[in-house]
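Student: The structure under discussion is supplied below as structure tokens; questions concerning it will follow.
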Amino acid sequence: AEDGYDLWLRYKAVEPQWRQTYAASTRQLVLPQRQSPTLRAAADELRRGIGGLLDIDIGAAEKVTGDGALILGTPQSSPLIGKLALPLGGLAAGGYLIRSEQVDGHRVTVIAANDDIGVLYGAFRFLQRMQTRRSLDDLAIAASPQVERRLLNHWDNLDRSVERGYAGQSIWDWWRLPDYRHPRYTDYARANASIGINGTVLNNVNADADILTPRYIDKAAALAEVFRPYGLRVYLSARFSAPMEIGGLGTADPKDPAVRRWWKDKASEVYAAIPDFGGFLVKANSEGQPGPQDYGRSHADGANMLADALGPHGGVVMWRAFVYAHDNPEDRAKQAYSEFKPLDGQFADNVILQVKNGPIDFQPREPFHPLFGAMPKTPLMMEFQITKEYLGFATHLAYLGPLYEEVLEADTCRIDSPLPRGQIGRTADLGAEGARAAGERQGRRESVGPGPGERAADACTGQATVASVVDGSLHDYRHTGIAGVANIGRDRDWSGSVFNQANWYVFGRLAWNPQDSARAVAEDWLKMTFSPDSAFVQRAADMMMASREAVVDYMTPLGLAHLMATGHHYGPGPWVSELARPEWNPAYYHRADAGGIGFDRTAEGSNAAAQYAPPVAERFASRTAVPEKYLLWFHHLPWDHSMPSGRDLWAELVHRYDRGVAQVEKMRADWAQLEPFVDRQRFVQTGAFLAIQEREARWWRDASIAYFRKVSGRELPEGVRPPA
Ligand code: GCU
């Protein structure tokens, strides 16, 4: 039975015609002379993959004895590769070449890189070509990651619960670690390596100080050992007050010498156990977490103290910008920018600021975070959420590729000191598919800057995208990174549903190349996960691509946000409730009353729009120029405000809620058509989940409309029936 355990690495047999052509390029596997665990992992994966896809035991050879050899290695590990004088110079760390070459008159394929991990990535890419039925002839692929740190953030607690996790308990079996290393850890590392993820933060940002005790350092070290061959480095979330909780000190003041000493010693202890430890992730002075401000110090003081401790070992501090405080009267959407923008230039060299994609909190839709583009002297890394805290948990089908893509391609219009792209010596993927995807995206790219004839249009050239901030090219950052809050748990299918696996997958693919296309990635994933049949792939990809917008429509259309039920965030809850913090109250966000709806973030209101570069700010603050999808994020408008559709705002809102439900109905119907392509188990499960989603989309629509109808005192638009 198909239980989803194999993810996108199923390696099911290809059709006979493909088997024949592929077999011609996989006749022998020529291994490097010098072996390493990573090179062995590459060879093992090729054997496993080719074994499954082509039903061939490819074996291992020492030299090329005929056509169709597959040669892998680096110039250091393989004299054969060294002799070929391949153009390896342009590759970034982890980059690789896959090329059709001639050796002693024989037709061969090489998978070559400067480092062992590049060879492993190349091996996965080679297999992916077969899994997606692409040709293995005349290959000239050169691929390099565009972002250096491509990380998962696990919000896993030491008791194995997972904050905002919907796929069962944590996969980290802390109790049996370090002695027992579950085979699943290896499969986890393989899956991550297959999409280029190269780091993992093991524990929740709401960190337990115990993670830094010797017992847990040993457990983390055991995981690091399993992960190492796959290029996956371990990082930990550190609790800022750990020196008090596990160090016996009376303070965690970052200026206190004893506290500084404690962190230095702790860093040395961690590095003694995990020599390639990546660093600390820190959530400080946010949602009740301890931090430097408890001692009247700044975020920079706190981050720099930890940076000092990690620096000598090569570690980094990823300091989160997700901060807001209950006693701060400022619009929550503004607080991170207000706090961090003035600190630009004050952070140590090995600090990276980790910024969520939007200014509030992983909503189905938010405009990009105003810090992107605003911190030229501080490396910023992106934090996306892969787990669907606000998009229906594990059961609703919502492919997040379009969400990630929308954020990455947003134009910040900050061109203070742009560097021409590519100047940093990285080569992007040169494949024809890559070029096509980029072209497709170029055509679709929607600028948020002013339209033709408006002022400041020259700043919005499409060069200063959020992606160009994240890949470091806009500000020539010394570090680059992108993190995704994992959706992984102990469920057999890892992610709580098969389609949630696509979100892990697309996160990895876009972390490697933020210019990649969400649609192209979805198609690859579908081919690898289900079936390469184009009748299946096209329909299923349409469904995936429309799915996130459907969620936006039935939950929070037109730029609304945070209307989920309080605390757990599942299901509708737009109504006012008595809560400890005003910004946990949905009414804080929708501001609906008899007069209208929406959050005024123009100069008349909180003026959050002004945190963006002037051309973007101008557009967002204009009722007519603001993209409709952000309308009520930035504007409070009367219910009878007239919309481009010809409807008034109230009717438009109702229309969107309906459209969301209709889209889910369509997804269900489409899925039913796909039965011939999908095994029973995954077909039935997905169908059952879509039925849940349809019921709950109605719940969302009906509850939301009922609530806004009451608040607005308006009748349902003509043709809309009240819920039964
Ligand atoms: C959200 C989420 C919390 C999480 C927080 C964070 O608010 O609901 O569970 O701790 O984000 O990112 O720190």
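All letters in the sequence shown, in the order written, are residues -1, 1 to 723 by mature numbering (1 follows the signal peptide of the UniProt record, and there is no 0).
Even glycine gets a Cβ: it sits at the ideal position worked out from N, Cα and C.
Cα separation between Leu715 and Arg133?
Tutor: The straight-line gap from Cα to Cα measures roughly 52 Å.
Student: List the DSSP bridge partners of Lys355.
Tutor: DSSP, once it has assigned bridges, lists Glu382 as partnering Lys355.
Student: From the DSSP output, in three-state form, read off Gly65 for me.
Tutor: Coil.
Student: Which first and last residues belong to the beta strand (DSSP E) in which Ser99 is found?
Tutor: Its beta strand (DSSP E) spans residues 95 to 102.
Student: Determine the extent of the beta strand (DSSP E) in which His105 is found, giving its start and end residues.
Tutor: It spans 105 to 111 - the beta strand (DSSP E) in which His105 sits, taken as one unbroken run.
Student: Say whether the region 545 to 561 touches the region 639 to 657, bearing in mind that this needs 3 or more beta-carbon pairs closer than 8 Å, one atom from each stretch.
Tutor: Yes, the region 545 to 561 touches the region 639 to 657.
Student: Could you compute how far the alpha carbon of Ser641 sits from the alpha carbon of Arg713?
Tutor: If I take the Cα positions, the gap works out to 15 Å.
Student: Identify whether Phe707 lies in helix, strand or coil by the three-state DSSP scheme.
Tutor: Three-state result, Phe707: helix.
Student: Count the C-beta pairs between the region 350 to 358 and the region 471 to 483 that are closer than 8 Å, then say yes if the count reaches three, no if not.
Tutor: Verdict: yes, contact present.
Student: Compute the distance between the beta-carbons of Gln684 and Arg489, then report whether it is under 8 Å.
Tutor: Taking 8 Å as the Cβ cut-off, Gln684 and Arg489 do not qualify as a contacting pair.
Student: What are the start and end residues of the alpha helix (DSSP H) that includes Ala272?
Tutor: Segment 256 to 272, the alpha helix (DSSP H) holding Ala272.
Student: Just grab the DSSP bridge partners of Ala60 for me.
Tutor: Val29.
Student: I need the straight-line Cα distance from Lys387 to Pro341, nearest angstrom please.
Tutor: Each residue's Cα considered, the two are about 32 Å apart.
Student: Heavy atom of the ligand GCU less than 7 Å from the Cβ of Arg163, yes or no?
Tutor: Yes.
Student: Does the beta-carbon of residue 724 have 16 or more other beta-carbons within 10 angstroms, so that it is buried, or is it exposed?
Tutor: Lying before the first or after the last residue shown, residue 724 is absent from the chain, which here runs from -1 to 723.
Student: Determine the closest residue to Glu522 out of Ser236, Pro513, Ala534, Ser76, with distance taken between C-alpha atoms.
Tutor: Per the Cα distances, Ala534.
Student: Does the distance between the C-beta of Asp158 and the nearest non-hydrogen atom of the ligand GCU fall short of 7 Å?
Tutor: Checking the Cβ of Asp158 against the ligand GCU gives no.
Student: Within its chain, find whatever has a CB closer than 6 Å to the CB of Thr528; leave out the 5 residues flanking it on each side and keep chain order.
Tutor: Within the same chain, Thr528 has close Cβ partners Trp7.
Student: Would you call the CB atoms of His634 and Gly597 closer than 8 Å?
Tutor: Closer than 8 Å, so yes.
Student: Quick check on Thr64: buried or exposed, where buried means 16 or more other Cβ atoms within 10 Å of its Cβ?
Tutor: Classification of Thr64: exposed, given that the 10 Å Cβ count is below 16.
Student: Give the secondary structure of Tyr323 by DSSP, where H, G and I count as helix, E and B as strand, and everything else as coil.
Tutor: Residue state, collapsed to three classes: coil.
Student: Among Asp360, Ala320, Val615, which residue has its Cα nearest to the Cα of Met374?
Tutor: Of the listed residues, the one whose Cα sits closest to Met374 is Ala320.
Student: If contacts are defined as beta-carbon pairs under 8 Å, then Asn191 and Leu231 qualify, I think. What distance do you get, rounded to the angstrom?
Tutor: About 5 Å; that satisfies the 8 Å criterion.
Student: Quick check on this structure: which residue in Gln662, Arg590, Ala501 has the alpha carbon closest to the alpha carbon of Gly3?
Tutor: Minimum Cα distance to Gly3 is reached at Ala501.
Student: Does the beta-carbon of Asn284, which I'm using as the reference point, lie nearer than 7 Å to any heavy atom of the ligand GCU?
Tutor: Outside the cutoff, so no.
Student: Does chain D have any CB closer than 8 Å to the CB of Met544?
Tutor: Absence of chain D from the displayed structure is noted, only one protein chain being present.
Student: Around the Cβ of Ser267, are there at least 16 other Cβ atoms within 10 angstroms (buried) or fewer (exposed)?
Tutor: That one is exposed.
Student: Where does Asn197 sit, in a helix, a strand or coil, going by DSSP?
Tutor: Note: Asn197 maps to coil in three-state DSSP.
Student: Can you tell which of Gly594, Glu603, Ala593, Leu559 has the C-alpha that lies nearest to the C-alpha of Tyr587?
Tutor: The option with the nearest alpha carbon to Tyr587 is Leu559.
Student: Cα separation between Val447 and Pro366?
Tutor: At Val447, the pLDDT of 47 sits below 50, so the modelled position is not reliable and the matter cannot be decided from this model.
Student: Per the contact definition of three or more C-beta pairs closer than 8 Å, is the region 600 to 620 in contact with the region 326 to 335?
Tutor: Enough Cβ pairs lie closer than 8 Å, so yes.
Student: Are the Cβ atoms of Asp186 and Trp171 separated by less than 8 Å?
Tutor: No, the pair does not count as a contact, with Cβ atoms beyond the cut-off.
Student: So, helix, strand or coil for Arg189, using DSSP?
Tutor: Here Arg189 sits in helix by DSSP.
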